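J.: For the sequence shown, the positions run 8 to 757 when our numbering is used.
Sending over a structure as structure tokens; questions will come in a sec.
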Amino acid sequence: MKPFPISNARSAILLLALASPLASAATAPSVPERIETLLRQMTLDEMVGQLTQYSGNWNATGPVMFKGNLKQDIRDGRVGSMLNVHGASSTRQYQEVAMQSRLKIPMLFAQDVIHGYKTTFPIPLAEAASWDLAAIERSARIAATEAAASGLHWTFAPMVDIARDPRWGRVMEGAGEDTYLGSKIAFARVKGFQGRQLGDTDAVMATAKHFAAYGAAVGGRDYNSVDMSERMLWETYLPPFKAALDAGAATFMNSFNDLNGIPASGSKYLQRDILKGQWGFTGIVVSDWGSIGEMVAHGYARDNRGAALAAITAGSDMDMESNAYRGNLAQLVADNKVPLALLDDAVRRVLRKKFELGLFDDPYRFSDPQREQTALNNPVHRQAARDMATKSIVLLKNSAKLLPLSKDLKTIAFIGPLVQAHKDNLGGWAVTLPGVDYSTFVVSQWDGLKNRLGSGTRLLYAKGSEIEGDDRSGFAQALEVARQADLVIVSVGERWNMSGEARSRASLRLPGVQEELVKALQASGKPLVVLLNAGRPLVFNWIAENVPTILYTWWLGSEAGNAIADVLTGDVNPSAKLTISFPRSEGQIPIYYNSFNTGRPGPSGVSSGYVSGYIDLAGTPQYPFGFGLSYTEFAYSDLKIDKSQLRGNDRLNVSFQLRNSGNYAGEEVVQLYLRDKTASVVRPLRELKDFAKIRLEPGQTRTVQFQIDREKLSFYNAQLQWAAEPGDFELMVGASAADIRLRTNFELTP
Ligand code: GLC
8 MKPFPISNAR
18 SAILLLALAS
28 PLASAATAPS
38 VPERIETLLR
48 QMTLDEMVGQ
58 LTQYSGNWNA
68 TGPVMFKGNL
78 KQDIRDGRVG
88 SMLNVHGASS
98 TRQYQEVAMQ
108 SRLKIPMLFA
118 QDVIHGYKTT
128 FPIPLAEAAS
138 WDLAAIERSA
148 RIAATEAAAS
158 GLHWTFAPMV
168 DIARDPRWGR
178 VMEGAGEDTY
188 LGSKIAFARV
198 KGFQGRQLGD
208 TDAVMATAKH
218 FAAYGAAVGG
228 RDYNSVDMSE
238 RMLWETYLPP
248 FKAALDAGAA
258 TFMNSFNDLN
268 GIPASGSKYL
278 QRDILKGQWG
288 FTGIVVSDWG
298 SIGEMVAHGY
308 ARDNRGAALA
318 AITAGSDMDM
328 ESNAYRGNLA
338 QLVADNKVPL
348 ALLDDAVRRV
358 LRKKFELGLF
368 DDPYRFSDPQ
378 REQTALNNPV
388 HRQAARDMAT
398 KSIVLLKNSA
408 KLLPLSKDLK
418 TIAFIGPLVQ
428 AHKDNLGGWA
438 VTLPGVDYST
448 FVVSQWDGLK
458 NRLGSGTRLL
468 YAKGSEIEGD
478 DRSGFAQALE
488 VARQADLVIV
498 SVGERWNMSG
508 EARSRASLRL
518 PGVQEELVKA
528 LQASGKPLVV
538 LLNAGRPLVF
548 NWIAENVPTI
558 LYTWWLGSEA
568 GNAIADVLTG
578 DVNPSAKLTI
588 SFPRSEGQIP
598 IYYNSFNTGR
608 PGPSGVSSGY
618 VSGYIDLAGT
628 PQYPFGFGLS
638 YTEFAYSDLK
648 IDKSQLRGND
658 RLNVSFQLRN
668 SGNYAGEEVV
678 QLYLRDKTAS
688 VVRPLRELKD
698 FAKIRLEPGQ
708 TRTVQFQIDR
718 EKLSFYNAQL
728 QWAAEPGDFE
738 LMVGASAADI
748 RLRTNFELTP
């Protein structure tokens, strides 16, 4: 295509810059100068090329729109980045094509490395339940090390969307419902992915996604509209993105949803006013897959030309797979519909990251087969995945103290459709690599327990049922196997791909006849342990009320079987706590812990009279935010605050005693909640403001200390200003949002 003229103004600026004494031949040009030099040489098509990202054909994660000759486009300098190409050799091959282009601008290679690359960690919602920020950061660090060793420069993670609706399949990808915890985890994950500094060959660019409020889709239906108050947006949904930015996130990804009527990809408010303006973000904003072109479907753009205009104007720098920029942006500039300055800014952002990654010095520096081989087969990574998985398993019930498994058990029946599954344990958004045999690479639940128990205990197997369908023919065999056993473990749940993108469910029940299988096994009279595997909260009232022992085992990754065995046998005492409320029914959704009291607060049970609740169901969740049991017990006592009035910028020092009053060493996640009792807008019944994960030996006591400052008392007031208001506060220390162990009050004075 004929190259469009470049503006003379920019040439003049560059000549002045290079003529300055500072730019003498003695000093190498700075990165900004190198960017300007390059920019001046680029045709409009080449500039648009830098803002265009296409998918390779491995595991395409959306509808592939590009229909041309991709390698020719790359040679023509019309592709700035690719996703879904990974591996040292594949990325090198594509980069070699990019080096045939006129200006030899290297491409960026990106991948959804969400919870591990080859070594797969628990899904993010499970990891979040560990409340272990160091372990979460380490998980991202290892994922980055493996990804960067495989030619990747960029991961589309962390997903930091707050989610209060488990019907939405992507709850599996985030940190749950709480903004404070979600912000801490966002920060940790970005730090993990980006490591010491970008440009290190064990670091990848992180992406804070999906900007913004994607988790609040109406009806929990993926890609659906989002409508919320400014206050809700700023108070609940934006903070994790700000935390990711504060952690240095190199890129952001906008979201598919329209927010208050404006598609995020075309939202100037989100991308320019907030992100690039108020927050000063200097990295890249990449669209979600095709989301720019989807503004036509939204009814926000007449055609791809209109979509390209809306997106570039709003601050979407890079177009993933919609062809909108490739086909229209150059002409929009030539037609003076888009100022060249907007293109300059977007291209500078892309080039700046390529310089930061060292790709102009060595385009192949991340594509090193030797380093890849070493990184992808590192036993330390697997041990970290096992450690993370044991920390992610939530003990929901242990009323009969069947766990840890008694060493006297001679025969155990391990029953269910997920017992001998392998790849299912990876859950959604796992990177599946060519040439990896996942039947050996992933430790199944059966393998894990079999290996751990050794020959001393007989382990019997029956599938019992499929995950879906109404075939009960396997029940008889399951019951026969149960009859021979001293204890039965049944592992049931969703299929791995019933959660994740485009995996919203209207029903959260166990699929198929699995609950009937559990009921039949319970009726056999054998001691029963249920493992629930899913990427989201499920609704399993009967099991919750009738089965004595329940572990939530999510999707735990490559080391699932070993981690489950570690917890079942007591080698590891479970310490995880839920970061999303588990509803009793889909009819309660959205249900979350930090709700308002209302003028007619309802009871915890079924309501009657003129109060807020249900006449046919309790108003409380099946399991609340912050809930999780241990094989031991913890006693909380002696809450002290060092002042009853907080003045100005004083800090309130809080302390209490935590004792392991049980028989096992264990870790407790203690949670600090605050309630602002009267304010210019109604405030939640409780809000998580701090937490700590404390390990104690049996009988050991520890003084736990927290500090409350004015920031923790602040919120968006009636004028949407971030401020703390004088008044009374309740301070609560709890083992969960619904299990408050200690309380006190204090006053914030003017
Ligand atoms: C998907 C997802 C996004 C992902 C991207 C690339 O549609 O929404 O999270 O990073 O496309 O796979």
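The C-beta atom is built at its ideal place from N, Cα and C for all residues, glycine as well.
Bear in mind the structure is a predicted one, so any value in this text is a computation, not a measurement.
#1: Mind the definition here: the stretch 289-301 touches the stretch 325-341 only if three or more C-beta pairs lie below 8 angstroms; say whether that holds.
#2: Roughly how many angstroms separate the alpha carbons of Ser662 and Arg490, rounded to a whole number?
#3: Check the DSSP bridge columns for Met505 and list the partner residues they point to.
#4: Helix, strand or coil for His217, going by three-state DSSP, please let me know.
#5: Just to confirm my understanding: we take Ala135, look at its own chain, exclude 5 residues before and 5 after, and list those with CB closer than 6 angstroms. What are they?
#6: For Tyr371, which residues from the same chain have a beta carbon less than 7 angstroms from its beta carbon, with the 5 sequence-adjacent residues on both sides left out?
#7: Rounded to whole angstroms, how far is the Cβ of Pro518 from the Cβ of Ile474, which I believe are closer than 8 angstroms?
#8: Going by Cα to Cα distance, which pick from Ala318, Thr439 and Ala583 is closest to Asn335?
#9: Compute the minimum distance between the beta carbon of Phe218 and the heavy atoms of the ligand GLC, and state whether it is under 6 angstroms.
#10: What is the chain-ordered set of residues for which the beta carbon lies under 5 angstroms from any non-hydrogen atom of the ligand GLC?
#11: Quick check on this structure: which residue in His122, Thr756 and Ser637 has the alpha carbon closest to the alpha carbon of Arg702?
#12: Is it buried or exposed, Phe753, if we count other Cβ atoms within 10 angstroms and call 16 or more buried?
#13: Out of Val120, Lys360, Gln390 and Thr605, state which residue places its alpha-carbon closest to the alpha-carbon of Ala257.
#14: Looking only at C-alpha atoms, which of Asp342, His217, Asp229 and Asp265 sits nearest to Leu770?
#15: Taking the beta strand (DSSP E) that Gln664 falls in, what are its first and last residues?
#16: Considering only C-alpha positions, which residue in the set Ala730, Lys719 and Pro733 is nearest to Leu695?
#17: Find the nearest neighbour of Ala391 within the set Lys414, Lys125, Glu732 and Leu364, judged by alpha-carbon distance.
#18: What ranges does the alpha helix (DSSP H) occupy inside the stretch 203-277, keeping only unbroken runs of at least 4 residues that lie completely in it?
#19: Out of Ile550, Val303, Ser668 and Gly616, which has the shortest C-alpha to C-alpha gap to Gln629?
#20: Going by Cα to Cα distance, which pick from Tyr723, Asp80, Thr34 and Asn601 is closest to Asp52?
#21: According to DSSP, simplified to helix, strand and coil, what is Ala30?
#22: Going by Cα to Cα distance, which pick from Gly609, Trp138 and Asp454 is closest to Gln427?
#23: Using alpha carbons as the reference points, say which of Pro247, Thr320, Ala254 and Phe634 lies closest to Gly273.
#24: Which residue's Cα is closest to the Cα of Gly287: Ala315, Gly300, Ser262 and Gly322?
#25: Using DSSP bridges, identify the partner residues of Asn540.
#26: Taking Gly199 as part of the alpha helix (DSSP H), name the residues at either end of that continuous run.
#27: Please go through the stretch 673-733 and give each complete alpha helix (DSSP H) segment of 4 or more residues, from N-terminal end onward.
#28: From Ile422 to Leu575, what does the alpha carbon distance come to, in whole angstroms?
#29: In this structure, what does DSSP give as the bridge partners for Val495?
#30: Report the residue from Gly594, Lys684 and Leu681 whose alpha carbon sits nearest the alpha carbon of Gly226.
#31: Gly633 to Ala686, Cα distance in whole Å?
#32: Ignore the nearest five residues each way along the sequence and tell me which others in Val345's own chain have a CB closer than 6 angstroms to its CB.
#33: Since Leu119 and Thr68 are thought to touch, with beta carbons under 8 angstroms apart, how far apart are those beta carbons, to the nearest angstrom?
#34: Give the secondary structure of Ile747 by DSSP, where H, G and I count as helix, E and B as strand, and everything else as coil.
#35: Taking the alpha-carbon of Gly481 as reference, which of Leu528, Pro113 and Leu240 has the nearest alpha-carbon?
T.: The answer reads as follows:
#1: yes
#2: 52 angstroms
#3: Note: Met505 sits in no beta bridge, so no partner.
#4: strand
#5: Ala182, Gly183, Ile192 and Thr586
#6: Arg99 and Gln102
#7: 5 angstroms
#8: Ala318
#9: no
#10: Thr68, Gly69, Asp119, Phe163, Asp295 and Trp296
#11: Ser637
#12: buried
#13: Lys360
#14: Nothing about residue 770 can be read from this structure; the chain reaches only from 8 to 757.
#15: Leu659 to Asn667
#16: Lys719
#17: Lys125
#18: 246-253
#19: Ile550
#20: Asp80
#21: Bear in mind that the predicted position of Ala30 carries a pLDDT of just 45, short of 50, making it too unreliable to give a figure here.
#22: Asp454
#23: Thr320
#24: Gly322
#25: Gly500
#26: Thr186 to Gln201
#27: 717-720
#28: 15 angstroms
#29: Ala420 and Leu535
#30: Gly594
#31: 26 angstroms
#32: Ile319 and Leu339
#33: At residue 119 the sequence reads Asp, which differs from the Leu that was named. Asp119 to Thr68, Cβ: 6 angstroms. Contact.
#34: strand
#35: Leu528
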